[in-house]
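One structure is given below, encoded as structure tokens.
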Amino acid sequence: MKKVIIFFLILFLSVSAAFGLDLSMSFGPWSFLSSDTAVSDGLYPYTGLNIGWNEYLESEVFVVAEAAPDPFSSVFFGGGLGGSLLGTRGLTYFNMYAQLDFLYGLRFNTGAVQHNRMIGVRLSPLAIGNGYNGYRDRIFTVGSFYNFDSKAFSFTWSVLIFDIFLKWNKS
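As numbered in this note's numbering, residues 32 to 202 make up the sequence shown, in order.
Rendered as structure tokens:
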């Protein structure tokens, strides 16, 4: 698994450098609210790496690991494709984002490792900041995910996700 993570990190960094694309890192809390027994309700730290492909479209790889109530008992690896809804990513200071995500989860506290494959959408109704300023805050992000393995829905929410732009293509 470590090799897969390193591979995708190197892939994201090399694609961004080769094509002059935007690159940012994301940090924030993530919470699941679920009746799905395969996914624990609780608080999960969230970190990700984003590539901006053009003024409206970006992709992201991220990791979400359970912090409470049972630390590191669940870990999710995800990827998504999203875009800005109210204007360009680079210059619009107040924006809204929508994203289609895929999650692959591992749950360790069930005796055997439990695998979860989920697909879902997330909406950030308020995003403040942009690449020009070097940061963006996505506020009150909500999402809904369908678990293919347990055939159940889960809901997510994040009060605040910080995006720090490492590289922004000004052209």
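Yeah, the Cβ is synthetic: ideal placement off N, Cα and C, and Gly gets one too.
Residues that DSSP places opposite residue i in a beta bridge
| i | result |
| --- | --- |
| N161 | Y166 |
| L197 | For L197, which the question treats as bridged, DSSP gives no partner whatsoever. |
| S155 | Y128 |
| I192 | R169 |
| F186 | L64, S175 |
| I41 | DSSP lists no partner for I41. |
Three-way DSSP call (helix, strand, coil) for residue i in this model
| i | result |
| --- | --- |
| F176 | strand |
Outcome for residue i when other beta-carbon atoms lying within 10 angstroms are tallied against a minimum of 16
| i | result |
| --- | --- |
| T172 | buried |
| G111 | buried |
| V95 | buried |
| D101 | exposed |
| A69 | buried |
| N178 | buried |
| D180 | exposed |
* **Inside the segment 53-138 only - alpha helix (DSSP H) runs reaching at least 4 residues** => With a minimum length of 4 residues, no continuous alpha helix (DSSP H) run stays inside the segment 53-138.
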